[in-house]
Amino acid sequence: MLRQIFVTGASGFIGQNFLQRCAGTEDSVTVLTRRPLPEFSSIAGRSRQVVGDLLESDGYQTALAGCDAVVHLAAATGRASAKDYRRVNVEGTRVLLQACKAAGVRRFLHVSTIAAGYPDQRYYSYAQTKAQAETLVRESGLDFAIVRPTLVLGAASPIWNTLVKIAGLPVVPLFEGARPVRVQPVHADDVARGIELLLKSGRFEGDVLELGGPQPLTFRAFLELVQTALRGAPGRIVRLPLRPIRALLAAMEPALGPLMPVTAGQLAVFANDSVASDNWLLDLLRPGMPSTEATIGGLVEMAKSGADSGKCTPPQKRPRRPMSDSAERVLKAECRSLTAYLTGAAPSPYIEEQYVRAAATHGLASDEEFSCFDRATLKLARSGRMFGRWADAYCALFHRAGALRRKLVVLAAILEHVAPTSEAFDRVEPRALASMVLSLAAYGLISAVSLLLGAVVLAPASVLCWMATRSETSGLSTGQTQ
């Protein structure tokens, strides 16, 4: 039985559940963490924290000495860039494996993901880098085991909170390919229990152990279970074609990646089955698993009881603070971008100063005081003249009282009273009738295209911001990633 364990990624969702199980054992746990963990105090008597960086083994090499096994949970997840996925998931694993060999640690438990085995990993850097990390583990020469959880559910699960937001919509979109995919969601407690059982068994025999829940079901059936738990009955689910939507998102990502509410890679879960193959560890876990219906019902009731008990309070409006240097820089850059959109010219330093003062006077200086969707429209508009046109075209019809339109009114009032930008508002060029008609037609076409492109980016952002706001007011908060 293993007694000295070194854990990475303990501050993540699965890591926190595993640490809770360690609190009831005699094992000594050393945790590598980028920041001190206050919640670690419950097991601090037999364990310790090492604050450091996974990629800098000098900071934790000594702590590895004498350990019986390493549990590698740390990973870049969520909306990280392809570069960050590779840096943490591949290079971080490589550095840790080398440190284990140097310290004489022979057993390595790598917690991966069911996505590492997806046949279709197009556009999905996370799955690709996790598969590459698995290859490094296999080739390390250490005694290892690889655990691949499916869709992990829990009160703080990012996947669970996303599903709750989607299932709460009046009409739920379901992306489907040629056939419905199946999922096998598993509770976080069962994943942590599986890690504990594997460590106790000492079976580091090169197995890939997939961990899923009690039974597979289609994604549609899974969404219907969540809908039923939330509101008593299944809601309307509309099927959307997966392949063209993934291709469109993939084409947009190079230019609009940070602004997009969902990526082509994240839709891989709708293109692949997330079902665990049978293995000895899953056989040990399955008898103690609650049904999927019971798991979903328990999570919904937990969220509702938290809201009813007053644990979730409406967000309070922040008091207005003096403007920081960084906020002033953002406003000046914003002024340059919006001025280029309105006039085609760059603003003078005087205009920038006036804009900063006016924004502060009218309560338009701090992004923290804006709604989620206002922040999304401003982020798009700040990206350049063309993107400003897209954002304004959309907001002019669908978000007229939003922050972007109010900022444009303030800026226009400054520009039309200061030379030389005032000429863009006052100048009238004589034109022949044919030239005027062509100009109007061109302007109409540009406006229509701008509205369409703005809608492609901002309409999904509007839906997601609405879901996020609804989630916050219902006590269902977003959890932390691993």
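Each residue of the sequence shown is one higher than the one before, counting from 137 in the working numbering.
Yeah, the Cβ is synthetic: ideal placement off N, Cα and C, and Gly gets one too.
Remember, predicted model here, so these are calculated numbers, not experimental data.
Taking DSSP's pairing of strands, which residues face residue i in a bridge?
i, result
"E270", "For E270, which the question treats as bridged, DSSP gives no partner whatsoever."
"H246", "H208 and I282"
"R375", "L310"
"R184", "T166"
"Q140", "S164"
"S410", "V319"
Evaluate residue i with the Cβ neighbour count: other Cβ atoms within 10 Å of its Cβ, from every protein chain shown; 16 or more gives buried, anything less gives exposed.
i, result
"G253", "buried"
"S147", "buried"
"N153", "buried"
"G151", "buried"
"L289", "buried"
"V167", "buried"
"L588", "exposed"
"Q264", "buried"
"A235", "buried"
"Q257", "buried"
"A439", "buried"
"P455", "Reliability fails at P455, whose pLDDT of 41 lies under 50, so the model's placement of it is uncertain and the value that follows must be treated cautiously. Classification of P455: exposed, given that the 10 Å Cβ count is below 16."
"G228", "buried"
"V535", "Looking at the sequence itself, residue 535 is His, so the reference to Val does not match. Buried."
"L190", "buried"
"G499", "exposed"
"G625", "With the chain covering only 137 through 618, there is no way to say anything about residue 625."
"T475", "buried"
"K301", "buried"
Is residue j closer than 8 Å to residue i when the C-beta atoms are compared?
i, j, result
"L366", "P309", "no"
"A412", "G342", "no"
"A210", "Y221", "no"
"R215", "T249", "no"
"I487", "L544", "no"
"W296", "L418", "no"
"P316", "R356", "yes"
"H208", "T286", "no"
"S427", "P350", "yes"
"F142", "L233", "no"
"L671", "V206", "Nothing about residue 671 can be reported from this structure: the residues present for the chain run from 137 to 618 only."
"L420", "L333", "yes"
"D503", "R511", "yes"
My guess is that residue i and residue j are in contact by the Cβ rule of under 8 Å, so how many angstroms apart are they, rounded?
i, j, result
"S261", "G401", "6 Å"
"G188", "Q140", "Their Cβ separation, rounded to whole angstroms, is 18 Å, which puts G188 and Q140 out of contact at 8 Å."
"V362", "A303", "4 Å"
"G619", "A532", "No answer is possible for residue 619: it lies beyond the span of the chain, which begins at 137 and ends at 618."
"S583", "R521", "About 15 Å; that fails the 8 Å criterion."
"R318", "L272", "About 29 Å; that fails the 8 Å criterion."
"G538", "T513", "6 Å"
"L103", "A407", "Any question about residue 103 goes unanswered here, given that the chain covers just 137 to 618."
"A281", "K266", "Not quite, the Cβ-Cβ distance comes to about 15 Å (not below 8 Å), so this is no contact."
Worksheet item: Along the chain, which unbroken stretches of the beta strand (DSSP E) at least 3 residues long are found entirely within the segment 283 to 367?
Response: 307 to 312 and 344 to 347
Practice prompt. Mind listing, in chain order, the continuous beta strand (DSSP E) runs of no fewer than 3 residues lying wholly within the segment 514 to 556?
Written response: none
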